[in-house]
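Visitor: Chains U and Y are the protein sequences, given in the same order.
Anchor point for the first sequence: position 209 equals 209 in the UniProt record's numbering, and the numbering is continuous, going up by one each time.
Anchor point for the second sequence: position 34 equals 34 in the UniProt record's numbering, and the numbering is continuous, going up by one each time.
2 protein chains.
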Amino acid sequence: MTNPISITDPADPRLDDIRDLNSSDRRPDLPGGRGLVIAEGNLVVPRLAASRFPVRCVVGFARRLEELEDAASADPAVAAGLADVPIYEVSREVLAEVAGFDMHRGLVAAADRVGEPTVGEVLDGLDEDNRVIGVLEGVGDHENIGALFRNAAGLGVGAVLLGAGCADPLYRRVVRVSMGHVLRVPFAHVPGKPTTWQRGLADLQERGYRVVAMTPNTDNTLADAVRGADKVAVMVGAEGPGLTEHAMRAADVRAKIPMSPGTDSLNVATSAAVGFYAAQP
Amino acid sequence: MTNPISITDPADPRLDDIRDLNSSDRRPDLPGGRGLVIAEGNLVVPRLAASRFPVRCVVGFARRLEELEDAASADPAVAAGLADVPIYEVSREVLAEVAGFDMHRGLVAAADRVGEPTVGEVLDGLDEDNRVIGVLEGVGDHENIGALFRNAAGLGVGAVLLGAGCADPLYRRVVRVSMGHVLRVPFAHVPGKPTTWQRGLADLQERGYRVVAMTPNTDNTLADAVRGADKVAVMVGAEGPGLTEHAMRAADVRAKIPMSPGTDSLNVATSAAVGFYAAQP
């Protein structure tokens, strides 16, 4: 990790990557109009550093930068991700002025987006013993996607595939809610239109995954649906509409979480967590 | 349901119960300084009406009040809860002025708090076939408590007991995040200090509940911990610190959700959902 460079002028262009964070996801000047990958806090910034995304800069309070240095000393992957990266030390007032709000966590980093792997590359990269992956369709809420990646990471899910209609998983809010796990759990978009992307599920089936469509509208319980499966792809749809008929028809089996009558369905990230848990060996 | 009375003056004192909703949880003028029970939107307001909390007033846009009338026609419990309750019709501008923000849901109701049942009363009131209850310790975050009640309702949990250190489950934010289920799922506080309330768990054990303490720090899996139990009390602690040693010692068994190494524990409401699911018959 390089030595921190102190910056006292909020207008310094070296801080442009972390300027106006509340609108940092809209960057008409960048490819696709999408923002940089932004990581905040001393839990998530090291995860960004250890990820495949090349860090452009780190900005923080002196004390937080010391903690980051400790994290880099403890983990060679973090140290490697921060090698030659400019580190800027700022005061609380300067950071608030640049970021656009009082950022009490005092540590933020920006990284470039990198080309996304294909579905095949993601699946090829899975460990031999991976048993569970996630598949999303139409999940448009950033907070739900973030929570889902956090649950996926915790529950040993090897990868997440995104069907049509999902929100950008590299939004700042997703990174934050996922606690940085969206930067670690491999993901890929399944190509195709809203009515055709489901054909890509055949790839999974050929590789031995049983594709389980989570829906309240079936008599099959989740426990029955996963029983005896070697590998499981847990597929969930948006809260409210749920999975499309196209997606459910492309699945091997439909499965419901037994619910009390008269209640709403669970939040999509919570449903997925229950599915991931049930699919564990 | 009574006929709506139109109010056009935001200063009308009949609207005082829903004034300044963002600070409605602090009411120094009310017993204990705690606010009224506030329900928002056409999903939650009928649940408040059907609950044990006596509704004081309903305020909304004309169209939302019509929808509420439909809900009352469809459900006698909703109709009973709204009998003789004053209904005020307001414009979007008036509601925004009174509530303190633009309330696009256009429907809000206020109810009195009522005396909380004891643990014994809650347990006596459970159905014969109830198999799962929840127990919380030190869950101080309103959003987590709300999500937990939503999960409890969906997954057939008969009651929730609150140990020491939990936030007020009738906060406006809890009601909203729980989608009103905190008004339906019976709950009670277990009396005692942070180091003594756990003795109340003996009550549960005498009634045949196996008390399962959810913690990452054990070798017992959740599936093993609930196997063969007739009734299960799923006990969870705050994110971060988790359950106290006092609580874990008072439990019958400790149980972990199998997690990937190097990840954080799950959110407390998500952990509880997995526990509730696993404890189902």
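In this text, a Cβ means the ideal position worked out from N, Cα and C, and glycines have one as well.
Since the structure is predicted, the reported quantities are computational estimates derived from the model, not experimental observations.
(1) With 8 Å as the limit, tell me which residues of the segment 144 to 171 of chain Y have their beta carbon closer than that to any beta carbon of chain U; keep them in chain order.
(2) Kindly indicate if chain Y contains any beta-carbon less than 9 Å away from that of U:Asn267.
(3) When the Cβ atoms of the segment 236 to 248 of chain Y are set against those of the segment 210 to 217 of chain Y, are three or more pairs found closer than 8 Å?
(4) Under 8 Å Cβ-Cβ, which residues of chain U neighbour Y:Ser260?
(5) Just by C-beta distance, which residues in the segment 174 to 207 of chain U are closer than 8 Å to chain Y?
(6) Taking only the alpha-carbon atoms, compute the straight-line gap between Y:Leu161 and Y:Val185 and give it to the nearest angstrom.
(7) Show which residues of chain Y have a CB atom less than 9 Å away from the CB atom of U:Tyr209.
(8) Taking the alpha-carbon positions, what's the Y:Gly146 to U:Gly140 distance?
(9) Please report whether the beta-carbon of Y:Asp264 lies at a distance below 9 Å from any beta-carbon of chain U.
(10) Of the choices U:Val182, U:Asp129, U:Ala50 and U:Tyr277, whose alpha-carbon is the least far from that of U:Asp230?
(11) Taking Y:Thr215 as the query, report the chain U residues whose CB atoms sit under 8 Å from its CB, ordered along the chain.
(12) What are the residues that DSSP puts in a beta bridge with Y:Ile18?
(13) Should U:Val182 and U:Val174 be called a contact, given that it needs their Cβ atoms to be closer than 9 Å?
(14) What do you get for Y:Glu121, buried or exposed, if any count of 16 or more other CB atoms within 10 angstroms of its CB means buried?
(15) In the DSSP assignment, the alpha helix (DSSP H) including U:His246 goes from what residue to what residue?
(16) What residue range is occupied by the uninterrupted alpha helix (DSSP H) comprising Y:Tyr277?
(17) Drop a sphere of 10 angstroms on the beta-carbon of Y:Gly208, count the other beta-carbons inside from all chains shown, and report buried for 16 or more, exposed for fewer.
(18) Give the residues of chain Y in contact with U:Thr270, contact being defined as C-beta atoms less than 8 Å apart.
(19) Against chain Y, does U:Ala238 count as a neighbour if the rule is that its beta carbon must be under 9 Å from one of theirs?
(20) Check whether the Cβ of U:Ala99 lies closer than 8 Å to any heavy atom of the ligand HEM, and answer yes or no.
(21) Contact check, Y:Asp212 vs Y:Ala238 under 8 Å by CB: the rounded distance?
(22) Would you say Y:Tyr88 lies against chain U (beta-carbon separation less than 9 Å)?
(23) How about Y:Leu107: is its C-beta nearer than 9 Å to some C-beta of chain A?
(24) Out of Y:Arg113, Y:Leu82 and Y:Leu266, point me to the one whose CA is closest to Y:Phe53's CA.
Guide: If we stick to the structure as given:
(1) Ala147, Arg150, Asn151, Ala153, Gly154, Leu155 and Gly156
(2) With 9 Å as the cut-off, U:Asn267 counts as an interface residue toward chain Y.
(3) yes
(4) Ala153, Gly154, Leu155 and Gly156
(5) So the list reads Met179 and His181, given in the order they occur along the chain.
(6) 10 Å
(7) Near U:Tyr209 there are no residues of chain Y at all, since even the closest Cβ is about 19 Å away, more than 9 Å.
(8) Between Y:Gly146 and U:Gly140, the C-alpha separation is close to 22 Å.
(9) Taking Cβ atoms only, chain U reaches closer than 9 Å to Y:Asp264, which makes this a yes.
(10) Taking only the C-alpha atoms, the option nearest U:Asp230 is U:Asp129.
(11) Result: empty, since nearest Cβ-Cβ is about 14 Å, beyond 8 Å.
(12) DSSP links Y:Ile18 through a beta bridge to no other residue.
(13) yes
(14) exposed
(15) Element bounds for U:His246: Glu245 to Ala250.
(16) Val268 to Ala279
(17) Result: exposed.
(18) Ala147, Asn151, Ala269, Thr270 and Ala273
(19) no
(20) The ligand content of the structure shown is nil, which means the ligand HEM is not present either.
(21) Per the sequence presented here, residue 212 of chain Y reads as Val, with Asp not at that position. Contact doesn't hold; Cβ gap of about 17 Å is too wide.
(22) no
(23) As a matter of chain content, chain A is missing from the structure shown, whose protein chains are U and Y.
(24) Of Y:Arg113, Y:Leu82 and Y:Leu266, the residue nearest in Cα terms is Y:Arg113.
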